[in-house]
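> A single structure is presented below for examination.
Number of protein chains: 2
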Amino acid sequence: MKPIVVIGTVAFDSVKTPFGNAPEVLGGSATFFAMAAGLFTKVKLVAIVGKDFPSRYIQVLEEREVDLEGLVRSNGDTFRWSGEYEDNMNVRHTLDTQLNVLEEFKAELPSSYRKAPYVFLANINPDLQLKVLKQLEKPKLICCDTMNLWIVNQRKDLEKVLKKVHMFIISEEEAQMLTQEHNIVKSAREILKLGSFSLIIKRGGYGAILFTQKKEIFAIPAFPLENVVDPTGAGDSFAGGFMGYLASQDRLGLGYVQKAMIHGNIVASFSVEGFSVDKLRSLTPIQIRSRLREFLRITHLSSPIA
Amino acid sequence: MKPIVVIGTVAFDSVKTPFGNAPEVLGGSATFFAMAAGLFTKVKLVAIVGKDFPSRYIQVLEEREVDLEGLVRSNGDTFRWSGEYEDNMNVRHTLDTQLNVLEEFKAELPSSYRKAPYVFLANINPDLQLKVLKQLEKPKLICCDTMNLWIVNQRKDLEKVLKKVHMFIISEEEAQMLTQEHNIVKSAREILKLGSFSLIIKRGGYGAILFTQKKEIFAIPAFPLENVVDPTGAGDSFAGGFMGYLASQDRLGLGYVQKAMIHGNIVASFSVEGFSVDKLRSLTPIQIRSRLREFLRITHLSSPIA
């Protein structure tokens, strides 16, 4: 079992879905990732919050035993994001983004973080992702996410990041935006040319698919859910379950990557059943194993094809 | 190996996709189904065409050894459909529909068809589907498809059909239209109340998912394709591969239904790689088995989760 360093956002989210409103709740890419990966291994968080960030939100991360040495507390206001989901939940509209303290963030790693073998560059300015990459001493697996804003406005920095990571984890819309290509196989092939990483494309309520430089593919459907309350953080929860499993096993072969994808899928399926990190907070290893067995039953043939 | 009776349309399709135009090509729900199911077993077709229907299109069906005793040749014009696909290929717009000879179709089964154990009610007026149901003498498995038009305009007839079938195979959009519900699990549960059938919801480029009355679920992703040329007929090709496999095995347990779904998925993946039935026409059992093995490799764990 190896530790994971994550850099990303810790935020106030204000979310509106067909099932209700959640104003100023705990959110951010690093938060969801840490709450998910923390189910499998030790997570060391690098992020910044403002003076308005309440101790009860700090406690949520502490309950999961997340190492907060790298969490900077600044005098400004915490980063805020607000968004709204359409009825089908696969379509999201960002209503407002207030960077606040993110604009002064230096992304400096405490010395105790620098030798961490597993690193997740969660969605944040690629400039900050690059700063983190320069401070790493012994990375074994670096995974990276991004978002539409950086693809459009900071593509060069993003491409610099991609030269140095082992795994790139993005949504299908982001893949299309990066390549102007709707076909997922063609899009993946174009993206793989940007570095030597493997690629996981997340398809929201439809699952996820892996493409490697060796042309390996692994595709899984989403776990069929009856109660999707809030998809916010699903991608970071997927990445957290994915990397958490890999770091807990400390193995990186294709078979482990496949199993890690299924773990990520299962953790994400819980995450979207509540607002904020509510479901991740109460999630137990027994619940994960139970839904994982159910997932295998409903996606794998019970007997081979004759 | 048991025969399948299919009732549906045989049509001239005019299709526009980002990859080109195909004017007045061979199409129709019964055509795609027969060309797909005919790869696995004997298909007996019930449909109507007009005096303008060329012998070269008849030959396509004859090459697959489809029984055409039930194909009525009328003096009117053949049914015509035209449609256009958006760039992402999951969104289709119908440009024109000309019923023509379909308006006089009686859907009478030749006596040699009536004892067929496997029956597919392909997309056609539910009134005609009901007429076929009344002529069956020994049905073992009746599967049924429909479309948005009948859901909106002939819902009562459609619901009568659903009381008498064993399997209902529709698209995700149709499921949402039937139930006004976006969540696929909730939507499926509502639809299952309309009869005692099992339900397969087709998700276009995202795969398919089975829901049974016993609350069994089986979900598969689509085969990742690089060259989707024309999705027309994908659903009927899926149904054809699905029922063709079941009729060839003459077994109906969940394990066989799972395998049939994968066969349907594979046959549909070939179908969309060309216009009209071009790819189905040249498809061989060896190609099917090869892609099927590839599909299992990219969707099934190579070793169990410890």
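So the protein lines, in turn, are chains D and V.
The numbering of the first sequence is the working numbering, which starts it at 926 and goes up by one.
The numbering of the second sequence is the working numbering, which starts it at 926 and goes up by one.
For every residue, glycine included, the Cβ atom is placed at its ideal position computed from N, Cα and C.
Which of the three DSSP states, helix, strand or coil, is assigned to Phe944(V)?
Counting from 1 along the second sequence, the entry for residue 944(V) is found at position 19. Phe944(V): coil per DSSP, three-state reduction.
> Please report the distance separating the alpha-carbon of Leu1058(D) from that of Glu1198(V).
On the first sequence, residue 1058(D) is found 133 positions in, with the first residue counted as 1. On the second sequence, residue 1198(V) is found 273 positions in, with the first residue counted as 1. Approximately 43 angstroms between the Cα atoms of the pair.
> Along the chain, where does the beta strand (DSSP E) containing Arg998(D) start, and where does it finish?
Looking up residue 998(D) in the first sequence gives position 73. Taken as a continuous stretch (DSSP letters only), the beta strand (DSSP E) holding Arg998(D) covers Asp992 to Arg998.
> May I have a chain-ordered list of the alpha helix (DSSP H) segments no shorter than 4 residues that lie completely inside the segment 1049-1130 of chain V?
1051-1060, 1073-1078, 1080-1087, 1097-1104 and 1109-1117
> Flag this pair as touching only if the segment 957-971 of chain D and the segment 1014-1029 of chain D have three or more C-beta atom pairs under 8 angstroms; answer yes or no.
Too few Cβ pairs lie closer than 8 angstroms, so no.
> Can you check whether the CB of Asp1161(D) is closer than 8 angstroms to the CB of Ala1032(D)?
The residue you call residue 1032(D) lines up with position 107 of the first sequence. The residue you call residue 1161(D) lines up with position 236 of the first sequence. In this structure, Asp1161(D) does not lie closer than 8 angstroms to Ala1032(D) by Cβ.
> Which of helix, strand or coil does DSSP assign to Arg1017(V)?
Here the question's residue 1017(V) lines up with position 92 in the second sequence. Arg1017(V): strand per DSSP, three-state reduction.
> Pull up the DSSP beta-bridge partners for Tyr1181(V), would you.
Position 256 of the second sequence, counting from 1, holds the residue named residue 1181(V). Per DSSP, none; premise fails for Tyr1181(V).
> Would you decide whether Asp1021(D) is buried or exposed? Buried here means 16 or more other CB atoms lie within 10 Å of its CB.
As a working note, residue 1021(D) is residue 96 in the first sequence. Exposed is the call here.
> Taking just the CA atoms, how far does Glu1029(V) sit from Leu1267(V)?
Residue 1267(V) is absent from the structure shown; chain V starts at 926 and stops at 1231.
> Exposed or buried, Ser1036(D), counting other C-beta atoms within 10 Å across all chains shown (16 or more means buried)?
Position 111 of the first sequence, counted from the first residue, corresponds to residue 1036(D). It is exposed - the Cβ of Ser1036(D) has fewer than 16 other Cβ atoms within 10 Å.
> Residues of the segment 1174-1203 of chain V in Cβ contact with chain D at a cutoff of 9 angstroms, in chain order, please.
Gln1174, Leu1179, Gly1180, Gln1183, Lys1184, Ile1187 and His1188
> Can you round the beta-carbon distance between Ile1125(V) and Met1186(V) to whole angstroms, since I take them to be within the 8 angstroms contact cut?
For the purposes of this step, residue 1125(V) is taken as residue 200 along the second sequence, with counting starting at 1. For the purposes of this step, residue 1186(V) is taken as residue 261 along the second sequence, with counting starting at 1. Contact flag correct, Cβ pair sits at about 7 angstroms.
> Determine whether the Cβ of Ala1144(D) lies closer than 8 angstroms to any Cβ atom of chain V.
Here residue 1144(D) corresponds to residue number 219 of the first sequence, with the count starting at 1. Yes, Ala1144(D) lies at the interface with chain V (some Cβ there is under 8 angstroms from its Cβ).
> Please work out which residues of its chain come closer than 6 angstroms, Cβ to Cβ, to Ile1067(D), disregarding the five sequence neighbours upstream and downstream, and give them in chain order.
Translated into the one-based positions of the first sequence, residue 1067(D) becomes position 142. Listed in chain order, the non-local C-beta contacts of Ile1067(D) below 6 angstroms within the same chain comprise Val1044, Val1090 and His1091, local neighbours out to five positions each way being set aside.
> Using a cut-off of 8 angstroms between C-beta atoms, extract the partners of Ile1230(D) located in chain V.
Here residue 1230(D) refers to the residue found at position 305 when the first sequence is read from its first residue. Correct list: Lys1184, Ile1187, Leu1217 and Leu1221.
> For the segment 1145-1154 of chain D against the segment 1122-1137 of chain D, do three or more pairs of beta-carbon atoms, one drawn from each stretch, fall closer than 8 angstroms, so that the two count as touching?
yes
> So is Arg1005(D) buried or exposed if we call it buried at 16+ other beta carbons inside 10 Å?
Reading the first sequence from its first residue, position 80 is the one you call residue 1005(D). It is buried - the Cβ of Arg1005(D) has at least 16 other Cβ atoms within 10 Å.
> With DSSP as the reference, label Arg1218(V) as helix, strand or coil.
To locate residue 1218(V), count along the second sequence from 1; it is residue 293. Arg1218(V) falls in the helix class under three-state DSSP.
> For Lys969(V), report the span of its beta strand (DSSP E) as first-last.
What you label residue 969(V) is simply residue 44 of the second sequence in a count that begins at 1. From DSSP, the beta strand (DSSP E) with Lys969(V) extends over Val968 to Val974.
> In chain D, which residues lie less than 8 angstroms from Leu1150(V) when you measure between Cβ atoms?
The count along the second sequence starts at 1 and reaches residue 1150(V) at position 225. In chain order: Asn1108 and Val1110.
> Shortest alpha-carbon distance to Leu1024(V) belongs to which of Phe1093(V), Leu1119(V), Val968(V) and Ile973(V)?
The count along the second sequence starts at 1 and reaches residue 1024(V) at position 99. Proximity to Leu1024(V) across Phe1093(V), Leu1119(V), Val968(V) and Ile973(V) peaks at Ile973(V), based on C-alpha coordinates.
> List the residues that DSSP assigns as beta-bridge partners of Gly1008(D).
Position 83 of the first sequence holds residue 1008(D). Beta-bridge pairing links Gly1008(D) to Val940(D) and Thr1019(D).
> Could you tell me if Asn1152(V) is buried or exposed, where buried requires 16 or more neighbouring beta carbons within 10 angstroms of its beta carbon?
Start at 1 with the first residue of the second sequence, and residue 1152(V) comes out as number 227. The residue in question, Asn1152(V), is exposed, as its Cβ has fewer than 16 Cβ neighbours within 10 Å.
> With DSSP as the reference, label Gly1191(V) as helix, strand or coil.
Working through the second sequence from its first residue, we reach residue 1191(V) at position 266. Note on identity: in this sequence residue 1191(V) is Ile, with Gly being the wrong assignment. If DSSP states are grouped into helix, strand and coil, Ile1191(V) belongs with the helices.
> Flag Asn1013(V) as yes if its beta-carbon sits less than 8 angstroms from any beta-carbon of chain D, otherwise no.
Taking the first residue of the second sequence as 1, we reach residue 1013(V) at position 88. Asn1013(V) counts as touching chain D.
> Out of Leu964(V), Phe944(V), Pro943(V) and Val935(V), which one is the CA nearest neighbour of Lys926(V)?
Here residue 926(V) corresponds to residue number 1 of the second sequence, with the count starting at 1. It should be noted that the sequence gives Met, not Lys, for residue 926(V). Checked all of Leu964(V), Phe944(V), Pro943(V) and Val935(V); the closest Cα to Met926(V) is Leu964(V).
> To which residues of the same chain is Leu1055(V) closer than 7 angstroms at the C-beta, ignoring the five residues directly before and after it?
Along the second sequence, one-based indexing puts residue 1055(V) at 130. Excluding residues within five positions, the ones whose Cβ falls inside 7 angstroms are Asp1082, Lys1085 and Val1086.
> Compare the Cα-Cα distances from Ala1047(D) to each of Asn1078(D), Ile1095(D) and Ser1007(D) and report the closest residue.
Counted from its first residue, the first sequence places residue 1047(D) at position 122. Checked all of Asn1078(D), Ile1095(D) and Ser1007(D); the closest Cα to Ala1047(D) is Ile1095(D).
> Please work out which residues of its chain come closer than 7 angstroms, Cβ to Cβ, to Pro948(D), disregarding the five sequence neighbours upstream and downstream, and give them in chain order.
Locating residue 948(D) in the first sequence gives position 23, counting from the first residue. Around Pro948(D): Ser939.
> Tell me, which residues are paired with Val931(D) by DSSP?
Locating residue 931(D) in the first sequence gives position 6, counting from the first residue. According to DSSP, Val931(D) bridges with Leu970(D) and Phe1045(D).
> How would you call Asp1012(D), buried or exposed, if buried means at least 16 neighbouring beta carbons within 10 angstroms?
Sequence index remark: in the first sequence, residue 1012(D) carries index 87 (1-based). The residue is exposed, with fewer than 16 neighbouring Cβ atoms inside 10 Å.
> Can you round the beta-carbon distance between Val1192(D) and Gly1166(D) to whole angstroms, since I take them to be within the 8 angstroms contact cut?
Residue mapping note: residue 1192(D) aligns to position 267 of the first sequence, counting from 1. Residue mapping note: residue 1166(D) aligns to position 241 of the first sequence, counting from 1. Rounded, the Cβ-Cβ distance is 3 angstroms, consistent with contact.
> Mapping the DSSP letters down to three states, classify Leu1034(V) as helix, strand or coil.
As a first step, residue 1034(V) is located in the second sequence; it is residue number 109 there, counting from the start. Correct three-state label for Leu1034(V): coil.
> Leaving aside the five residues before and after Pro943(D) along the sequence, list all residues of the same chain whose C-beta is less than 6 angstroms from its C-beta, in chain order.
Within the first sequence, residue 943(D) is the residue found at index 18, counting from 1. Annotation for Pro943(D): Asp1012 place their beta carbon closer than 6 angstroms to its own, counting only its chain and skipping 5 residues before and after.
> Buried or exposed: where does Ser1158(V) fall if 16 or more other Cβ atoms within 10 Å of its Cβ makes it buried?
Here residue 1158(V) refers to the residue found at position 233 when the second sequence is read from its first residue. Reading off the sequence, residue 1158(V) comes out as Gly, not Ser. Around the beta carbon of Gly1158(V), 16 or more other beta carbons sit within 10 angstroms, so the residue counts as buried.
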